[in-house]
Amino acid sequence: MDKRLDNARRIKAPTGTGLNAKSWLTEAPLRMLMNNLDAEVAENPQELVVYGGIGRAARDWDSFDHIVTALKELNDNETLLIQSGKPVGVFRTHKDAPRVLIANSNLVGKWANWDHFHELDKKGLMMYGQMTAGSWIYIGSQGIVQGTYETFVEMGRQHFGGDLSGKWILTGGLGGMGGAQPLAATMAGASMLAVECQPSRIEMRLKNGYLDQSTDDLDEALAIIKESKIPVSVGLLGNAADVFPELVRRGIRPDAVTDQTSAHDPLNGYLPKGWSLDEWGARRQSDPKGVERAAMDSMVLQVEAMLAFHAQGIPTFDYGNNIRQMALEAGCKNAFDFEGFVPAYIRPLFCRGVGPFRWVALSGDPEDIYKTDARVKELIPDDAHLHNWLDMAREKIQFQGLPSRICWVGLGLRDKLGVAFNDMVASGELSAPVVIGRDHLDA
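If you want the working numbering, it's the position in the sequence shown, counting the first as 1, plus 35.
Given below as structure tokens:
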């Protein structure tokens, strides 16, 4: 019996001001854990997968249940320890100590490889926590939208004089991270063709308003982009290992090229060329090594196409999914000829201390987010770019699960906003506490 699969489970975070735990200090992580597995938020909640191939919120359902019980019983002078999605201890600490400490997927030295991880994972001794799945701070695709938006805007500044109108971006992947790309592109003023092999992911992005249209025909997808008078995003059902080389063969030139498939995980995250989803699922169990080889060979085809676009002078960049390294290991010796998105476009923001700042309304009331949006504008009155982002976010981004917001703010401003939010909770202006988080781009 697979302890990670339970098709009967339907998890949703509690809302309102009533407590299920002994205080808000433990109610907050309880709600955030559950929110990660809300069907509106997670990619595959019945298997505890939040996003990123196998990025889980808990190691198995028994562990999830034990975590929930522990959080409900935890006192404000105790700390719960989580090791790769499993509760392993409660210690007496003090009221100012963290209520929960989490360590995920930590392997060192010669054991820090996928083979050893998969061995432990198969035995139920470890899980892959991704960035915000196993740390219970995932907020749906919004969590990466602004980072992707900032990337596209900076790319537009560097290559197109700051104007992306009439331009289109080619990419792959519409999962938990990649699903932010279409909305980020249109918000930045560009159209997008996003290739995705799983129909459920396309449907989810359409439902949440992150994607405008979908098709399974490449010619139709290209026609939609060509004929649209405004930025439009199109999800193309297909395999990037097929579509990218085909565009090169046809001589079609996107204005920019990137990729956010789950290439970091060749077993679970990248469909090999020519395989059906059913074959992929079956062979992951019967021949995992064969799947990995086939996936990495397929990544080579995609990366070679990206290199061809790069050689034509088209802005082409890796989006942090390790696809260049996978292609290099599979024999593509010049895989790193195109840059990653951080040195190419995001590092200047980091050098100024600007990075992602996210918060979640535990009340479940969207008004709490709108009030905090307004307070951000009051406290940072002269940042027109930030104000524009907040306005677009309110108009275009649908909440997934608990209402939340992310924005990029500078050094010395996050603590200022945190104190302001705290005061809003204390005064009753907000109906319940908010959770403030950071992410992997700001660690």
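Glycine residues also receive a C-beta, built at the ideal position from the N, C-alpha and C atoms.
Measure the Cβ-Cβ separation of residue i and residue j and say whether it is below 8 Å.
| i | j | result |
| --- | --- | --- |
| residue 516 | residue 375 | In the structure displayed, the chain extends from 36 to 478; residue 516 sits before or after that span and is not available. |
| residue 130 | residue 98 | no |
| residue 223 | residue 195 | no |
| residue 350 | residue 399 | no |
| residue 356 | residue 297 | yes |
| residue 206 | residue 216 | yes |
| residue 107 | residue 56 | yes |
| residue 153 | residue 323 | yes |
| residue 373 | residue 414 | no |
| residue 432 | residue 453 | no |
| residue 208 | residue 81 | no |
| residue 259 | residue 225 | no |
| residue 70 | residue 436 | yes |
| residue 72 | residue 62 | no |
| residue 314 | residue 406 | no |
| residue 254 | residue 272 | no |
| residue 161 | residue 140 | yes |
| residue 84 | residue 77 | yes |
| residue 219 | residue 184 | yes |
Skipping 5 residues on each side, what residues in its chain have a beta carbon closer than 6 Å to that of residue i?
| i | result |
| --- | --- |
| residue 340 | 279, 280 and 283 |
| residue 318 | 326 |
| residue 95 | 38 and 39 |
| residue 214 | 176, 240 and 245 |
| residue 293 | 206, 352 and 354 |
| residue 212 | 179 and 295 |
| residue 101 | 122 |
| residue 116 | 123, 124 and 136 |
| residue 197 | 191 |
| residue 221 | 266 and 268 |
Can you give me the C-alpha to C-alpha distance between residue i and residue j, rounded to a whole angstrom?
| i | j | result |
| --- | --- | --- |
| residue 364 | residue 235 | 30 Å |
| residue 60 | residue 378 | 38 Å |
| residue 394 | residue 440 | 6 Å |
| residue 126 | residue 369 | 51 Å |
| residue 382 | residue 182 | 12 Å |
| residue 48 | residue 397 | 9 Å |
| residue 277 | residue 178 | 29 Å |
| residue 65 | residue 336 | 43 Å |
| residue 332 | residue 274 | 13 Å |
| residue 320 | residue 466 | 48 Å |
| residue 118 | residue 202 | 46 Å |
| residue 231 | residue 132 | 43 Å |
| residue 424 | residue 144 | 42 Å |
| residue 426 | residue 148 | 43 Å |
| residue 104 | residue 172 | 19 Å |
| residue 138 | residue 285 | 48 Å |
| residue 163 | residue 457 | 33 Å |
| residue 459 | residue 411 | 12 Å |
| residue 159 | residue 338 | 34 Å |
Within the continuous alpha helix (DSSP H) that includes residue i, where are the two ends?
| i | result |
| --- | --- |
| residue 258 | 253 to 262 |
| residue 282 | 275 to 285 |
| residue 323 | 323 to 346 |
| residue 359 | 358 to 364 |
| residue 406 | 401 to 414 |
| residue 191 | 177 to 195 |
| residue 123 | Not the alpha helix (DSSP H): residue 123 falls in the beta strand (DSSP E), residues 121 to 127. |
Could you tell me if residue i is buried or exposed, where buried requires 16 or more neighbouring beta carbons within 10 angstroms of its beta carbon?
| i | result |
| --- | --- |
| residue 134 | buried |
| residue 299 | buried |
| residue 429 | exposed |
| residue 461 | exposed |
| residue 265 | exposed |
| residue 391 | buried |
| residue 312 | exposed |
| residue 409 | exposed |
| residue 156 | buried |
| residue 434 | buried |
| residue 386 | exposed |
| residue 270 | buried |
| residue 366 | exposed |
| residue 90 | buried |
| residue 310 | buried |
For the beta strand (DSSP E) containing residue i, name the first residue and the last one.
| i | result |
| --- | --- |
| residue 86 | 84 to 86 |
| residue 293 | No beta strand (DSSP E) holds residue 293; DSSP gives it neither H nor E. |
| residue 392 | 390 to 396 |
| residue 146 | Element bounds for residue 146: n/a, residue is neither H nor E. |
| residue 118 | 113 to 118 |
| residue 269 | 268 to 272 |
| residue 242 | No beta strand (DSSP E) contains residue 242, which is instead part of the alpha helix (DSSP H) from 234 to 242. |
| residue 442 | 439 to 444 |
| residue 479 | Because the chain in this structure spans residues 36 to 478, residue 479 falls outside the shown range and cannot be described. |
Who are the near neighbours of residue i in its chain, counting only those whose CB is closer than 8 Å to its CB and skipping five residues on each side?
| i | result |
| --- | --- |
| residue 110 | 57 |
Residues in its own chain within less than 7 Å of residue i by CB, not counting five upstream and five downstream?
| i | result |
| --- | --- |
| residue 446 | 388 |
| residue 88 | 297, 300, 303 and 304 |
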